[in-house]
Amino acid sequence: MTTTRLGLIATIAYLALLALSVLWEGWLAPAPRVPPGLWLTLKAVPLLIALPGVLHGRPKTHVWAELLALLYFMEGVILAYLHRNDAPAIDTPLTYAWMEIALSLVFIGASAYYVRSQNIRRAAAP
1 MTTTRLGLIA TIAYLALLAL SVLWEGWLAP APRVPPGLWL TLKAVPLLIA
51 LPGVLHGRPK THVWAELLAL LYFMEGVILA YLHRNDAPAI DTPLTYAWME
101 IALSLVFIGA SAYYVRSQNI RRAAAP
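Position one of the sequence shown corresponds to residue 1 (this note's numbering), numbered consecutively onward.
Following this line, the structure appears as structure tokens:
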């Protein structure tokens, strides 16, 4: 896969993870017993901080955004475990947890290969 395509896949997965976080905590299934907007802010702001660097394809930002995405992966795994007995439906926290797991893994994988290909390309440049 080309470097450009890897960067595009990583960026799309990152934007989708950001959109899922905002929609999930804002409207779809907000956390119970938490003031409205608090969890949304706590969940979305870290992704917004790294957004400019990811959009510009900066390898250093991709590296620490991968570490940030690990937190979202962990949250998805924990929530998938907690909601494992929910009835299967499209609009349950279990579905959103699996989407969060998938998007974070796609971002981490694509971003890691993107950074690797960028480093190889820079090392090969005279």
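Beta carbons are placed, not taken as given, at the ideal position from N, Cα and C, and that holds for glycine.
Computed from a predicted model, the values in this text were never measured in an experiment.
Roughly how many angstroms lie between the CA atoms of residue 116 and residue 76, to the nearest whole one? 26 Å
Using the C-alpha atoms, what's the distance from residue 85 back to residue 46? 30 Å
Given residue 52 as reference, the closest of 110, 14 and 97 once Cα atoms are compared: 14
Where residue 69 falls: helix, strand or coil (DSSP): Note: residue 69 maps to helix in three-state DSSP.
If you reduce the DSSP assignment to three classes, tell me which class residue 37 lands in. Note: residue 37 maps to coil in three-state DSSP.
What is the rounded straight-line gap between the Cα of residue 37 and the Cα of residue 16? 19 Å
For residue 18 versus residue 42, is the C-beta distance shorter than 9 Å? no
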